[in-house]
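Everything on this sheet refers to the single structure shown next.
Number of protein chains: 2
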Amino acid sequence: MSNRSKIIYTFTDEAPALATYSLLPIVKAFAASADIDVETRDISLAGRILAGFADQLGADQQIEDDLAKLAVLATSPEANIIKLPNISASVPQLRGAIAELQAQGFNIPDFPEDPQSEQEKEARARYNKVLGSAVNPVLREGNSDRRAPAAVKAYARKHPHSMGKWSMASQSHADYMRDGDFFSSEQSFTMDQAGDVRIEFVGQDGKVELKKVVSLQAGEVFDGMRMSCQKLRDFFEQTLQDCKETGVMWSLHVKATMMKISHPIVFGHAVSVYYKKAFEKHAKLFDELGVNPNNGLNSVYEKIKVLPASLQEEILHDLHECYSDRPEMAMVDSVKGITNLHIPSDVIVDASMPAMIRSSGQMWGKDGKLKDTKAVMPESTYARIYQEMINFCKTNGAFDPTTMGSVPNVGLMAQKAEEYGSHDKTFELETDGTMRVVLADGTVKIEHAVEAGDIWRACQTKDAPIRDWVKLAVTRARASNTPAVFWLDPERAHDRQLMLKVETYLKDHDTDGLELHIMDYNQAIRFSMERMIRGLDTISVTGNVLRDYLTDLFPIMELGTSAKMLSIVPLMAGGGMYETGAGGSAPKHVQQLVEENHLRWDSLGEFLALAVSLEETGIKTQNDKAKILGTTLDIATGKLLDNGKSPSRRTGELDNRGSHFYLAMYWAQALAAQTENAELAAHFAPLAKALTEQEATIVAELNEVQGKPVDIAGYYRSNKELTSQVMRPSATLNAAIDPLIG
Amino acid sequence: MSNRSKIIYTFTDEAPALATYSLLPIVKAFAASADIDVETRDISLAGRILAGFADQLGADQQIEDDLAKLAVLATSPEANIIKLPNISASVPQLRGAIAELQAQGFNIPDFPEDPQSEQEKEARARYNKVLGSAVNPVLREGNSDRRAPAAVKAYARKHPHSMGKWSMASQSHADYMRDGDFFSSEQSFTMDQAGDVRIEFVGQDGKVELKKVVSLQAGEVFDGMRMSCQKLRDFFEQTLQDCKETGVMWSLHVKATMMKISHPIVFGHAVSVYYKKAFEKHAKLFDELGVNPNNGLNSVYEKIKVLPASLQEEILHDLHECYSDRPEMAMVDSVKGITNLHIPSDVIVDASMPAMIRSSGQMWGKDGKLKDTKAVMPESTYARIYQEMINFCKTNGAFDPTTMGSVPNVGLMAQKAEEYGSHDKTFELETDGTMRVVLADGTVKIEHAVEAGDIWRACQTKDAPIRDWVKLAVTRARASNTPAVFWLDPERAHDRQLMLKVETYLKDHDTDGLELHIMDYNQAIRFSMERMIRGLDTISVTGNVLRDYLTDLFPIMELGTSAKMLSIVPLMAGGGMYETGAGGSAPKHVQQLVEENHLRWDSLGEFLALAVSLEETGIKTQNDKAKILGTTLDIATGKLLDNGKSPSRRTGELDNRGSHFYLAMYWAQALAAQTENAELAAHFAPLAKALTEQEATIVAELNEVQGKPVDIAGYYRSNKELTSQVMRPSATLNAAIDPLIG
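Written as structure tokens, this is what we have:
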């Protein structure tokens, strides 16, 4: 055990980055005891910008392209990466970062909105690489393993979150299209050998328009599916009529963020059907103004601002008149009068449905009261699991966090598997005709008659990720001695292709003694729930979308949040990436720090990820100390949760830094107390003693600095020294930690 | 093929017996062509009485004990019995029959209400054998095979019965005890060897009271279970509160007929909880009057009639006052103000729940309107299947008779298997203590702590019927090439014993290529329903109670009635019994015949049973003609249904006799048209021709007699000649049929 191992700790943005200034020295101090180096890689927005323009900066300003290096590392077996949340930059955020960096003396170009010159085009191309979700697709060279860590589960059992009581007479339900949606039209095939496929539109005149060429690998699964615009609109109308008759509130749930292309269109139809009378009356005017219902009712309000006041008033009146014909709509913010249809990204199905189910199946009405609701989710493929859970809660009552089992997830995700709608293979059709997918030799593999307004989309899933996903499922089933269920529906074309592969690839593994099932989604969720209420765990092995949905749905029932889940990406090349909790980078947290010197960010996700990272290091390098560091860190996290040492939101109380101190103290105590490795116990005994004895002093030092503004000289790229000073204000704590850093 | 075979056609009571006078000559005429004799056995109430007193009657009056002979026949391989519905005599019915027979000159004793002399005691013992359900237990020497005949299914698909639309927002549901009911306390064991068990009550003073000794066979399964009185009452109170809060109507569903001992008690608690205030206020008085809530609110009204008018008024007022605190209750007859709690046998779960599910999950309120309902069914063992179906209908809408598949049943029933509550092993406990089941050697196999008021019951199931049931399931799965599901719940003690046996006995059979499952009730009904809405059939292989429930539930969805199902009892000894449709013997039908000479009885059940009886005869005796008689009879029945030649309820239109004519005509036509057996075709061609040509004449002859009273000289034992003349009024038809009778 002379070779030193390495853990890569990503340096990201905003609150998680600030927290890193406080936590990382502690992590380094502990890791050093097991000969582990902890290094950072800068994948912050600022860092990625500067790396992109390194050739234009002074020698002292240049930084390396850490993301590119991480991408390479992710495909090598020794990767051990702790991935914190980073900014998926919108254009305004990008502009802000550029301005800040320029002010700091970095000679980078402005963001060219409408690039003309070669130089501008080059700059724009470089900036494009930084925009949006630029990190995850590069690093996610593996599938997803998400589960509730033991410490978190134990905490939830002892300190259950609130769960709204369910009535057997609840009228709430999830409604979905029975015909004409993607599910009912899905076609799928697997490539025998690598090759290109052409996505074509054939007009009624027979003219063929090439929409896109996609290069596929051998064994890759390719799907095409169509949503009928007419049937979608009929469906919305029928759900509205139904709510009007039954008095149940109406609510739309889509995923306009992940299904970036298709779901905003679906959302737009909901808007123009709900407000049909106003949209029909002002059709011509709305057209001229460029009103796009896909952007929500809010955008209509914005667009009409250019009109004379009287005309604005008339339109507003007509929009409001619609409410008298229509059922009550669920509110995002009843105080501000913001409905479900104001902003497309406000009601995201994977978060909104668990919230509804936790609240007795109810959502907020315009009077600020919770009411039974029809949750309208056009895509039957996924909507049915929510209806199944609603029926289950009606029958069995709300889930009980103190006794319920867990549903961890093994999700197909690697190499952009099953990425629907968030890419360039989704089309809204302008005229009637035929969409088809054609092989190089002219064979038509997929064909749909389409009508103007229909949405057609394709989806690809490479073979290697599927193979790896099956392996991961077997590995997790074995490791946790838990039944695993592949959620695959034999009535879905795509899933039939996957079932063939799953059945084949399962043969590559020793599945002796494992309980493995293949079930359709209804059966799978029911089976999991029946076990769950009996305190039993069941691994859900799912495709990418269900991964996304289930890793909110079950954690929110079990733990009250999905942010406390372990999110591990066992990389296909053999390494591991450990994602820390979701929840964004929280700009408000930074603001509170700068104004009041209090950071409410909870590093729980980092603690959990680090424990797994250490454990994996221990296993892969046969480093027993690393394993013990991992298990004791989990004990420390459990203690921290139990003792209520998570950060408070209120200035003057324990914050992020204070929680790090307690983590260090409990961790040192656990290490000193363990008997597996005497050397490690002896090594940490003095630290445990020092921190324990000086607890009051350290907490006082950490808390007394709060309440005053601080200067960290930057938002996107703060000054390292200033930030470090702010984030490490306890001389006593620093004196105990720093000598241990290798 | 020289040996003649024999079909036994039971002669029973009331309408089915009247119909027999018309149908049997036709049956005999057709059967003779395949060398089959059709003989009757008299198992009518009058016949059974006379047989019981044969030793006291004159030589010319004596009749043989046909039931005893049938019981012997049922245990021999050549049995082929067509069993029509007979009277399960109550005491008033028995008294009526005795009086009629005495008037006809039979020297039989009066019914001794309170027998004193030896002679009276002897007479009472003989009459006891005739009382109640005296026929089925004697003849049912086999398990149950119930399915929708092809002709009936085809008819339902073409002429679907009405199905109420389901709303996803329906508030209806089935509610049941989550704790303290029979399910949660069930204990079960299997006897290693034959022996007696003692059912004992141990008082708190340690005193042992022997409740009953039961002799068990080797391999017999014995169960004990307890329903907590307190938890039952708490449950009722909670369901009432819940309905009060949610505004959903309240309805009680029990099976006070089949579960003769336990369910009236359960029903009684519902009455005394719903009307708690009145029952508490008048507790002493009710006690003195002998008011028993188990007999329903109606019996309270009866009992208080002895009181002074003012006191009666006060009690009625107090009972009615209860309605103001309590939720609305489902009505049996809203016009007459008869609620769900008036008469214990009015709302029988196996009939009432399918009716509710067919009516959009709604029942009738006191304003005569259909309303969403909480169906209260304390026994969770069975109630959950209804909740599962309700959730299913909320999600998928009402079942569609034009496309839905079928769920035939193979039910465990032979030798009184799993007869709950309708016997002498159910006890309502008077004091706290312990109920236990003890082997001869003193081993305590079952033990329950009980409280005063608790209901404790035992249940026995012999091994041979289980073995036969498994065999029948395999046989049916093979014969119909249909998946079969054993409904067995691993969380139920009794079912765990059965699962062991099923797994063992399945090995005795060739199950290659069969799809056989063991599922708990929820899984089983869900699996069956998912298949059903896709047009697929699934055999339900169930215990006795589920047999009883499911053979109403699914047929009522599929066919609109359970009366049209085939009900076959493949006898364990190798013979067959073919039960014709349920539905009682219909006294009103007899009245209409006597007053208006119109018999509305539908012999469809007889047609269907006869076809299977003929087919089985054909198979067992390698008689091809018999097989063809069976298949052509099915064709004729299908044609009769299609052409609307079933009996009308209205005097002057086609009645039972007319439907028999059409059956004969279609049957003869089908036989003449078939090409499998030329001899048979030739034999029936003249009859087909004659009936076809004389259709108008015959129908006129059959209809023109209607509208006037007729005399058949008896209700329980009518005059044979007179009845035959009444039931065969068409000289033309008789002339065509009679020469063919062998």
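Chains as they are written, first to last, in this note's numbering: chain E, 49 to 790; chain R, 49 to 790.
Here a beta-carbon is modelled for each residue, glycine too, at the ideal position from N, C-alpha and C.
None of the values given here were measured: they were computed from a predicted structure.
Reduced DSSP category for residue i - H, G, I as helix; E, B as strand; rest coil
{"i": "F159 of chain E", "result": "coil"}
{"i": "A736 of chain R", "result": "helix"}
{"i": "S33 of chain E", "result": "Past the edges of chain E, shown from 49 to 790, lies residue 33 of chain E, and the structure says nothing about it."}
{"i": "S50 of chain R", "result": "At S50 of chain R, the pLDDT of 47 sits below 50, so the modelled position is not reliable; the number obtained from the coordinates is stated separately. Residue state, collapsed to three classes: coil."}
{"i": "W214 of chain R", "result": "coil"}
{"i": "K419 of chain E", "result": "strand"}
{"i": "T669 of chain R", "result": "coil"}
{"i": "N342 of chain R", "result": "helix"}
{"i": "A783 of chain E", "result": "helix"}
{"i": "H12 of chain E", "result": "Outside the shown range of chain E (49 to 790) lies residue 12 of chain E, about which nothing can therefore be said."}
{"i": "R776 of chain R", "result": "coil"}
{"i": "M411 of chain E", "result": "strand"}
{"i": "V660 of chain E", "result": "helix"}
Residue closest to residue i, alpha-carbon to alpha-carbon, out of the options
{"i": "S696 of chain E", "options": "E:H646, E:G666, E:L677 and E:A718", "result": "E:H646"}
{"i": "P312 of chain R", "options": "R:F334, R:P341, R:M297 and R:A326", "result": "R:P341"}
{"i": "P456 of chain E", "options": "E:D373, E:G622, E:V589 and E:G561", "result": "E:V589"}
{"i": "F270 of chain R", "options": "R:V339, R:L584 and R:Q235", "result": "R:Q235"}
{"i": "G503 of chain E", "options": "E:R406, E:D229, E:P635 and E:I785", "result": "Reading off the sequence shown, one finds Ile at residue 503 of chain E, where the question assumed Gly. Taking only the C-alpha atoms, the option nearest I503 of chain E is E:D229."}
{"i": "T482 of chain R", "options": "R:A127, R:K255 and R:Y714", "result": "R:K255"}
{"i": "N134 of chain R", "options": "R:A497, R:Y764 and R:K519", "result": "R:Y764"}
Sheet register partners of residue i (DSSP bridge)
{"i": "C507 of chain E", "result": "E:D271"}
{"i": "M483 of chain E", "result": "E:F249 and E:H496"}
{"i": "F534 of chain E", "result": "E:I566 and E:V589"}
{"i": "E130 of chain E", "result": "One detail in the question is off: residue 130 of chain E reads as Ile in this sequence, not Glu. Paired residue(s): E:Y57 and E:Y626."}
{"i": "V89 of chain E", "result": "Going by the sequence as given, residue 89 of chain E is Arg instead of Val. In the DSSP output, where bridge partners are listed per residue, R89 of chain E has E:T58."}
{"i": "F101 of chain R", "result": "Bridge partners of F101 of chain R: none, in fact."}
{"i": "I405 of chain R", "result": "Partner(s): none; I405 of chain R has no beta bridge."}
Beta-carbon contacts of residue i that lie in its chain and below 6 angstroms, excluding the five residues immediately before and after
{"i": "D480 of chain R", "result": "Q252, E499 and A500"}
{"i": "P197 of chain E", "result": "L614 and L656"}
{"i": "Y69 of chain R", "result": "T771, S772 and M775"}
{"i": "A171 of chain R", "result": "P157 and P160"}
{"i": "L300 of chain E", "result": "A318, N388 and V424"}
{"i": "T451 of chain R", "result": "G583"}
{"i": "L367 of chain R", "result": "Y323 and A326"}
{"i": "K76 of chain R", "result": "V86 and I789"}
Residues near residue i by beta carbon distance below 8 angstroms, same chain, minus five either side
{"i": "A102 of chain R", "result": "Q110, I111, E112 and D113"}
Close-in-space but distant-in-sequence residues of the same chain around residue i (CB under 7 angstroms, 5 per side omitted)
{"i": "F78 of chain E", "result": "L677 and W715"}
{"i": "N725 of chain E", "result": "D672, K673 and I676"}
{"i": "I352 of chain E", "result": "L337, Q360 and I363"}
Check: Name the residues in the segment 199-227 of chain R whose C-beta lies less than 9 angstroms from a C-beta of chain B; which are they?
Finding: Chain labels in this structure do not include chain B; the protein chains are E and R.
Next item on the list: Decide yes or no for the touch test of the segment 66-83 of chain E against the segment 133-143 of chain E: beta carbon pairs closer than 8 angstroms, at least 3 of them.
Entry: no
Note to self: Does the contact criterion of 3 or more C-beta pairs under 8 angstroms hold for the segment 550-559 of chain R versus the segment 604-622 of chain R?
What the structure shows: Put simply, the segment 550-559 of chain R does not touch the segment 604-622 of chain R. Fewer than three CB pairs are less than 8 angstroms apart.
Next item on the list: Spell out a yes or no on whether the segment 354-361 of chain E and the segment 402-419 of chain E are touching, meaning 3 or more CB-CB pairs, one atom from each, closer than 8 angstroms.
Entry: no
Margin query: Taking contact to mean 3 or more Cβ pairs, one atom from each stretch, closer than 8 angstroms, check whether the segment 586-600 of chain R and the segment 368-379 of chain R are in contact.
Written below: No: fewer than three Cβ pairs fall under 8 angstroms.
Check: Does the pairing of the segment 281-297 of chain R with the segment 522-539 of chain R give three or more beta-carbon distances under 8 angstroms?
Finding: No: fewer than three Cβ pairs fall under 8 angstroms.
Item checked: Cβ contact check for the segment 217-229 of chain R and the segment 531-550 of chain R: 3 or more pairs under 8 angstroms -> The segment 217-229 of chain R vs the segment 531-550 of chain R: no contact.
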